[in-house]
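*Asks:*
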Amino acid sequence: MTLFFNIILSHLSQESINLLRKDGIDIVSKPRKLSFNYIGFCNSIDHQLIYMYIHEIYNGNYYQRLLLEKEILNLFINKCVRFDYLNINDKMKIQIHQFPGVMTSLSKLYELHCTSNIDPMIFYGLAQICRFIEKFNITLSGDNPGLAILIEKQQRIKYLQLNLQYENDFYKESGEFERYARNDNNKHKYERLDVHILLTNAQDLFEFEKLLINCQNLERIIIDPYFEDNNKIDSNQLLDILINSSPISLYKIHIGNSLEFTIDALDLFFKKWQGRKPLWLSPVKLVGEYINWDDIENINDDEINICNELLNLLKEYKMKGVIKKYSSMIPILPISAKEFARFMSRFNLKYKERLGVAVSGGVDSMALCYLLNQYCKKSEHQITAFIIDHQLRRESTNEAFQVSNALSKLEIDNKIMRIQWKDHDTSNLNDFVSPFPTKSQYETFARIERYKLLAKGCHENKISSLFVGHHLNDQLETLIMRLSRGSGIDGLASISMIDKFPVIRNVEAIELQIIRPLLSVTKDRLIKTCVEANIPWIEDPSNQSTDHKRNIVRFSLNKLNKRYLVEGLREYEPLSTGGLLRFMNHMKDHKNYINSQVNKIIRNKEYSKINFDNDNGICSLSLPNPIPSSHWILKKHLATRIFLFILKSLKMVFIIIGHFVDNHSHP
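Residue numbers for the sequence shown follow my numbering, so the first one is 420 and each next one is one higher.
So, in structure tokens, the structure goes:
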């Protein structure tokens, strides 16, 4: 700061230095020859900074400091060609409009920040010079006729922000501005009006309504309620005023969180706002919402429900077009042990059973390992992590060791399991894919081998529940990929939290189930969880490759959601997170309904019967009443159910034959 100020002082002329010395101000020894005219390139004056610098480096009396301040301001006015920005406050005592050269430097002033408790003569003087100020930012603490004249003289006002100090009553502070706004000759002069007000009592609400009526170009309003507990603003009355007295131009509303609203009051407000310009809302607070997000372990379900109730209301009216954009007070949070325990309560786990978890080393599986380990310590379960090394990259073996070491530090039992590609040649791919293997077919083969290793590890450790780290983003990516393949209702419904282990040749895993506890959690929360808990993870470079279809889908979704966020459309665009979730849930509802109808038919022995024609290899379902042709989806699902029934029967036969061969193949 001192160096910066010394550079400014170095620009003072010898005449100014002599004048200062004459009054005992010997702050500059002699003018320095500068190779560059720094002052000439300034386009803004912040009087508060100049005032602060002077009081920090010079200990003279009030008169001496005022004289030094005057010479510095005179320097800027004379050396600068044009100022775009001027910031002055109540410390300004100098009639800046009287300096030589001020007509040149301030005549094109674009933006003025000021307080209303400045000498009115300064504003009168500026009103004679400045006629094209476009942006005003005014802190009001009382009437100022000079400021009112300055505003009235402007020809291009586009933005006006009023900050009303709470030490005084709002209705006493807004007089001059209100008179200006009410004047019909002035209403055409501004394109946008932005008012920042502070309400302290019921009288302020009355004056606030008058201000709304007289500001017909108001676009945004920032309302900061400030009151003692025994003198609160009526939040319902405030909403009524906004509905009944707001100009049609108003659509951006920010209300400070010291004012609370009920769901019913907000619902009524949004209903009455229909047909007007869609709202841009900053966070609003509900009655009873006292969540301390820094203490997430103690956030209870009721508090979360309050937030969800508000979010659901905002989403509803956004879909109806009443709200265009809103902000949520809920930050990105790590997953707490308490929240994860709620996830785990959905699963019927055996007492003290050992749980398995599949670990790739990515942020999702590492977060799952950490959370599951915390849960197991309290629930007396045990956990074994299976680290799969696909050995498709040179770094994979070293990364597997890094993951193993990280889990060992958390005292998590873990095992590295490697796919041994040398034991397979490409002919093995014929079991699963075409005889000409592609990269995607190798991925299919790797996935099957991964399942084999996981099934083997679970079998050896007597594990019947295998946890995987699939999260909400995975669901959305899977949905898009299945849509592109033309999948039916089953494929487009949301991923199940609990699934039977996939049927794989030569793999015995009848009792093994896959559990996905994180399906409702976004990836950014998993990242936050690992960061907060200092859990390392591996970034697989192949996740950045556009050779993989899933990566392309992921990049596209991220790009779309960023655009929706900027445009305020994130929740209800078709390909946004909210839009895709709604689609999945609709598909899930259809799937559940169809399955219920299929189950009703199959389980009713008097109504249906499965027939086998062994000679011709035909299986049929006979019904006393034919299903109408319009119900083709029901027919399709019935056929699928029969097919799965046959597969299950054949699988049992293969297992029995396999056991028989194993037991009788050696003498």
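C-beta: ideal position from N, C-alpha, C; glycine also. Note that the coordinates shown come from a computational prediction; the quantities given were computed from them, not determined experimentally.
(1) Where does K510 fall in DSSP's three states?
(2) Identify whether L382 lies in helix, strand or coil by the three-state DSSP scheme.
(3) Taking the C-alpha atoms as reference points, what is the distance between V950 and C788?
(4) Which runs of the beta strand (DSSP E), 3 residues or longer, sit entirely within the segment 926 to 958?
(5) Report buried or exposed for D445, applying the criterion of at least 16 other Cβ atoms within 10 angstroms of its Cβ.
(6) If you count every other CB in all the chains shown that lies within 10 Å of the CB of H890, and 16 or more means buried, which is it?
(7) Let me know the alpha helix (DSSP H) ranges lying completely inside the segment 427 to 475, each 4 residues or longer, listed in chain order.
(8) Per DSSP, which residues does Q801 bridge with? Please list them.
(9) Quick one, which of T816, N480, S784 and D832 has its alpha-carbon nearest Q839's?
(10) Report the CB separation of L531 from L505 in whole angstroms; it is logged as a contact under 8 Å.
(11) Please go through the segment 874 to 925 and give each complete alpha helix (DSSP H) segment of 4 or more residues, from N-terminal end onward.
(12) Check for me: the beta strand (DSSP E) holding W699 runs from which residue to which?
(13) Which one or two residues does DSSP pair with Y578 in a beta bridge?
(14) Let me make sure I understand the geometry here. Which of K942, I496 and S526 has the alpha-carbon closest to that of I513?
(15) Assuming the contact rule is C-beta atoms closer than 8 Å, F886 and L791 should be a hit. Round their C-beta distance to whole Å, please.
(16) My assumption, with CB atoms under 8 Å, is that N409 sits in contact with S668. Please give the rounded CB distance.
(17) Taking L895 as the reference, which of K881, R1001 and Y472 has the closest Cα?
(18) By the 10 Å Cβ neighbour count, where 16 or more other Cβ atoms means buried, how is M522 classified, buried or exposed?
(19) Sorted by chain position, which residues of the same chain lie with C-beta nearer than 8 Å to S463's C-beta, five sequence neighbours on each side aside?
(20) Would DSSP call D832 helix, strand or coil?
(21) Determine the DSSP secondary structure at L687, reduced to helix, strand or coil.
(22) What is the DSSP secondary structure of K629, reduced to helix, strand or coil?
(23) Per DSSP, what are the beta-bridge partners of D808 in this structure?
(24) State yes or no: is the C-beta of L494 within less than 9 Å of the C-beta of D442?
(25) Would you mind sorting F589 into buried or exposed? The rule is 16 or more other CB atoms within 10 Å of its CB.
(26) Taking the DSSP output, what are the residues bridged to L505?
(27) In three-state terms, what does DSSP make of E814?
(28) Please classify H474: is it buried, with 16 or more other beta-carbons within 10 angstroms of its beta-carbon, or exposed?
(29) For N536, which residues in the same chain have their Cβ closer than 7 Å to its Cβ, ignoring the five residues on either side in sequence?
(30) Between E758, F766 and K690, which lies nearest to M738 when the distance is taken from Cα to Cα?
(31) Could you check the C-alpha separation between L438 and E488 for me, to the nearest Å?
(32) Tell me which residues share the same chain as S664 and place their Cβ nearer than 7 Å to its Cβ, disregarding the 5 neighbours each side in the sequence.
(33) Could you tell me whether the segment 1001 to 1011 touches the segment 898 to 911, using the rule of 3 or more Cβ pairs below 8 Å?
(34) Alpha carbon to alpha carbon, how far is L774 from S784? Give it in angstroms, no decimals.
(35) What does the alpha-carbon distance come out to for the pair P753 and K947?
*Replies:* Quick look at the numbers:
(1) Three-state DSSP puts K510 in coil, outside helix and strand.
(2) One cannot answer for residue 382 here, as it falls past the ends of the chain, which runs 420 to 1086.
(3) So the alpha carbons of these two residues sit roughly 14 Å apart.
(4) Counting only runs of 3 or more, we get 932 to 934.
(5) The residue in question, D445, is exposed, as its Cβ has fewer than 16 Cβ neighbours within 10 Å.
(6) By the neighbour-count rule (16 or more Cβ atoms within 10 Å), H890 is buried.
(7) If we require 4 residues or more, the alpha helix (DSSP H) runs fully inside the segment 427 to 475 come out as 433 to 441.
(8) Beta-bridge pairing links Q801 to R773.
(9) Comparing alpha carbon positions, the residue from T816, N480, S784 and D832 closest to Q839 is T816.
(10) Confirmed, about 5 Å.
(11) Runs found: 891 to 904 and 908 to 911.
(12) That run of the beta strand (DSSP E) goes L698 to L700.
(13) DSSP lists K554 as the beta-bridge partner residues of Y578.
(14) The shortest C-alpha separation from I513 is found at I496.
(15) Contact between F886 and L791 holds: their C-beta atoms lie close to 6 Å from each other, under 8 Å.
(16) Given that the chain is displayed from residue 420 to residue 1086, the structure contains no residue 409 and the question cannot be resolved.
(17) Nearest to L895 by alpha-carbon distance, out of K881, R1001 and Y472, is R1001.
(18) Label assigned to M522: exposed.
(19) Contacts found: F502, D503, Y504, L505 and N506.
(20) In the structure shown, D832 sits in a strand (DSSP, three-state: E or B).
(21) In the displayed model, L687 falls within a helix according to three-state DSSP.
(22) Helix at K629.
(23) The partner list for D808 (beta bridge, DSSP) reads R837.
(24) Not closer than 9 Å, so no.
(25) Unreliable placement is indicated for F589, whose pLDDT of 46 sits below 50; no coordinate value is reported for it.
(26) Beta-bridge pairing links L505 to I464 and L531.
(27) Coil at E814, not helix or strand.
(28) So H474 ends up on the exposed side.
(29) Beyond the five residues adjoining it in sequence on each side, N536 comes within less than 7 Å, by CB distance, of D509, S560 and G561 in the same chain, given in chain order.
(30) Proximity to M738 across E758, F766 and K690 peaks at K690, based on C-alpha coordinates.
(31) Cα to Cα, the separation comes out at about 13 Å.
(32) The answer, listed in chain order, is E628, L631 and I632.
(33) Judged by pairs of C-beta atoms under 8 Å, the segment 1001 to 1011 touches the segment 898 to 911, as three or more such pairs exist.
(34) Separation of S784 and L774 (C-alpha to C-alpha, rounded to the nearest whole angstrom) is 14 Å.
(35) Their Cα atoms are separated by approximately 5 Å.
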